[in-house]
């Protein structure tokens, strides 16, 4: 299981309440529509496939990553900002850092950095 698949599976379990006991589901309401998860998975997998193997200028990584984060924010906005919350933002940052192993420490911004970059 890839890290992206595992991330999506965890969201699916949360979104369906699969972690709850039957008696806990009586008044439970899903926090988001799990039918949106394939789109999120496709965004993340598509991004992973787009990461270049050779980066002549590591400074371009920040813009590349922030573009993904902006796409994810747009996705989340279309789903009432209910799927990607701060905890998921942190997990996505870690997923992205795994995609850029040689550059992660210095060039891969946090998901939260998107807010700072758009306010400049």
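Residue numbers (full-length UniProt numbering): 1 to 120.
Think of the CB as a built atom: it goes at the ideal place given N, C-alpha and C, for glycine as much as any other residue.
- Distance from the CA of residue 57 to the CA of residue 68, rounded to the nearest whole angstrom, comes to 18 Å.
- Distance from residue 4 to residue 44 at the Cβ level is roughly 5 Å; contact confirmed, criterion being Cβ atoms closer than 8 Å.
- In this structure the segment 90-104 touches the segment 48-55; the number of beta carbon pairs closer than 8 Å is three or more.
- Taking a C-beta distance under 7 Å as the contact criterion, residue 36 and residue 79 qualify as a contact pair.
- Collapsing the DSSP output to three states places residue 2 in coil.
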